[in-house]
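What follows is a single structure, written as structure tokens, with notes after it.
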Amino acid sequence: MHIDPLEKKWIVVSLGMTGLFIGVILITSFIHGINAPSNVETIDSARLHLNKEFAEDNLGVEQQPDGTITVRMVAARYGFFPRDIKVPADTKIKFRWVSFDVLHGVHIPMTNMSTMILPGFVAQVTTAFPKPGRYPVLCNEYCGRGHDHMWSNITVIAKQHWQKTQQDLAVDKSKGDDGDE
Amino acid sequence: MMSPLSEKQRQKILHSSPKGTWALLFMVGVGMVIAWLFIYFGVFLPRGSVN
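These protein sequence lines map, in sequence, to chains A and B. Under my numbering, the final residue of the first sequence carries the number 225; numbering is consecutive throughout. Under my numbering, the final residue of the second sequence carries the number 324; numbering is consecutive throughout.
This is how it looks when you write it as structure tokens:
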């Protein structure tokens, strides 16, 4: 097959750029420990309310003893529940998303957080938010007539403010416990 | 109106190195690499990796 010499040069440049980009992605992924989310875990979407982990009282933000954060969220037509959550900045956050009904997607603009939520599976994604601020949480998979109204909020709090908030909560809780006795 | 080229000038152009194409190739290649590196290192990675 005859290829014009100039066409060959363009092909070489295009393949060279592609190779460079793939190489940079592989090297930085290795250095920063980045890998594609790979957790596979099934769940009965019709019985979420009977599931201990995703029962209504257990949804939202939970701080683990090692300082990491776990967020459990339910996507259902047409909203993400809880509707408002607060998480600290610059902290590893493990999101565990489940769908109550149909296929949903979750996207937090201005961050890299984005995943599909398939009914029957737990979508687990670990990330961190470097910039404090208030972000919308949007559904990006068409899920029905109310899809464009399906959203909630996430507030990312600066780490030092978060620690103070947690300390205040602990003090309030201990006062409450004392009052109960 | 352009003056017609002599046969000698025409042959010279046809057989010389295509400098304009090299310049275009260089500009497109370098531009795309710079833009990609900016998006990857300047926008994507600072937003936090997703695992």
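Note that CB positions come from ideal geometry on N, CA and C, so glycine has one too.
Would you report the Cα separation of residue i and residue j, rounded to the nearest angstrom?
i              : j              : result
residue 122(A) : residue 188(A) : 8 angstroms
residue 55(A)  : residue 126(A) : 51 angstroms
residue 218(A) : residue 208(A) : 15 angstroms
residue 298(B) : residue 290(B) : 13 angstroms
residue 132(A) : residue 51(A)  : 52 angstroms
residue 150(A) : residue 45(A)  : 47 angstroms
residue 64(A)  : residue 212(A) : 50 angstroms
residue 181(A) : residue 320(B) : 16 angstroms
residue 200(A) : residue 152(A) : 12 angstroms
residue 178(A) : residue 49(A)  : 54 angstroms
residue 218(B) : residue 286(B) : Since the first residue of chain B shown is 274 and the last is 324, residue 218(B) is not available in this structure.
residue 162(A) : residue 316(B) : 28 angstroms
residue 280(B) : residue 66(A)  : 48 angstroms
residue 74(A)  : residue 157(A) : 20 angstroms
residue 300(B) : residue 59(A)  : 16 angstroms
residue 164(A) : residue 88(A)  : 5 angstroms
residue 76(A)  : residue 283(B) : 56 angstroms
residue 277(B) : residue 288(B) : 18 angstroms
residue 314(B) : residue 196(A) : 29 angstroms
residue 78(A)  : residue 93(A)  : 34 angstroms
residue 192(A) : residue 47(A)  : 49 angstroms
residue 216(A) : residue 96(A)  : 26 angstroms
residue 85(A)  : residue 176(A) : 31 angstroms
Taking the alpha carbon of residue i as the reference point, which residue from the options has its own alpha carbon closest?
i              : options                           : result
residue 295(B) : 63(A), 77(A), 73(A) and 53(A)     : 53(A)
residue 80(A)  : 88(A), 90(A), 86(A) and 69(A)     : 69(A)
residue 109(A) : 210(A), 216(A) and 215(A)         : 210(A)
residue 57(A)  : 286(B), 304(B), 280(B) and 288(B) : 304(B)
residue 134(A) : 161(A), 61(A), 191(A) and 205(A)  : 205(A)
residue 190(A) : 120(A), 156(A), 101(A) and 158(A) : 120(A)
residue 83(A)  : 300(B), 285(B) and 323(B)         : 323(B)
residue 113(A) : 216(A), 214(A), 215(A) and 203(A) : 203(A)
residue 71(A)  : 277(B), 278(B), 279(B) and 318(B) : 318(B)
residue 155(A) : 174(A), 163(A), 161(A) and 148(A) : 174(A)
residue 98(A)  : 153(A), 124(A) and 160(A)         : 124(A)
residue 226(A) : 118(A), 215(A), 172(A) and 214(A) : The structure shown has nothing for residue 226(A), since chain A only spans 45 to 225.
residue 214(A) : 158(A), 88(A), 96(A) and 107(A)   : 107(A)
residue 111(A) : 85(A), 172(A), 96(A) and 95(A)    : 172(A)
If residue i sits next to residue j, beta carbons under 8 angstroms apart, how far is it from one beta carbon to the other, in whole angstroms?
i              : j              : result
residue 228(A) : residue 105(A) : Outside the shown range of chain A (45 to 225) lies residue 228(A), about which nothing can therefore be said.
residue 185(A) : residue 148(A) : 6 angstroms
residue 61(A)  : residue 306(B) : 6 angstroms
residue 116(A) : residue 103(A) : 5 angstroms
Show which residues of chain D have a CB atom less than 8 angstroms away from the CB atom of residue i.
i              : result
residue 184(A) : The question asks about chain D, but that chain is absent: this structure's protein chains are A and B.
Quick check: the segment 141-154 of chain A against the segment 303-315 of chain B, are at least 3 beta-carbon pairs closer than 8 angstroms? no
Per the contact definition of three or more C-beta pairs closer than 8 angstroms, is the segment 151-170 of chain A in contact with the segment 126-140 of chain A? yes
Check distances from the C-beta atoms of the segment 58-78 of chain A to those of chain B and list, in chain order, the residues that come in under 9 angstroms. 58, 60, 61, 64, 65, 68, 69, 72, 73, 76, 77 and 78
Taking only beta carbons into account, state which residues of the segment 163-178 of chain A come closer than 9 angstroms to chain B, listed in chain order. 169, 170, 171, 172, 173, 174 and 175
Could you name the residues of the segment 305-324 of chain B whose beta carbon sits closer than 9 angstroms to any beta carbon of chain A, in the order they occur along the chain? 305, 306, 309, 310, 313, 314, 317, 318, 319, 320, 321, 322, 323 and 324
By the 8 angstroms beta-carbon criterion, what residues does the segment 276-300 of chain B contribute toward chain A? 291, 294 and 298
Name the residues in the segment 143-155 of chain A whose C-beta lies less than 7 angstroms from a C-beta of chain B; which are they? 155
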